[in-house]
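Numbering (the numbering used here), first residue to last: 4 to 140. The structure under discussion appears below in the form of structure tokens.
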């Protein structure tokens, strides 16, 4: 059985039709929390209408042990959806790229629509990256 972890759900303040799911695997997830504190993201409420698109933000080093959980999380995200790798670890394995148990990015695990560079990326860079990679309505 795959290890399970819940994804936090947020709405983009700049475009509330975008629902953001966060994998919360590592330090880049703290930058997402900073985006909330800066007022760039807000927690989703039951009053929110259905999203136009769902975006899964995957951060941190994805190990072979965590890979099934990331896959399950991706499978649980409703369509239409995009997956974005945040930071060096999710994009390329980061400083652990040559480890026997760390994936060299999530691109070989799930269909990834883009990468947000940094270690960790600034909260505004995360928001700008999501807005740049999500197609306009």
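Built from N, CA and C at the ideal position, the CB exists for glycine as well. Computed from a predicted model, the values in this text were never measured in an experiment.
8 Å or more divides the Cβ of residue 106 from the Cβ of residue 90. Three or more beta-carbon pairs separated by less than 8 Å link the region 16-24 to the region 128-137, which places the two stretches in contact.
Residue 58 sits in a strand when the DSSP states are folded into three classes. In the three-state reduction of the DSSP assignment, residue 84 falls in the strand class. Per DSSP, residue 119 is one residue of the beta strand (DSSP E) stretching across 117-119. Its chain contains 44, 126, 129 and 130 as the residues whose beta carbon lies nearer than 7 Å to that of residue 38, once the 5 sequence neighbours on both sides are disregarded; these appear in chain order.
Using a Cβ distance threshold of 8 Å, residue 87 and residue 56 do not count as a contacting pair.
Look at residue 106 here: in three-state DSSP terms it is coil, with no helix or strand label. Residue pairing by DSSP places residue 41 opposite no residue, since no beta bridge is assigned to it.
Bounds of the alpha helix (DSSP H) holding residue 129 are 126-136. The shortest C-alpha to C-alpha distance from residue 58 to any of 79, 22 and 29 is the one to 22. Sequence-distant Cβ neighbours of residue 28 in its own chain, meaning closer than 6 Å and more than five residues away, are 62 and 63.
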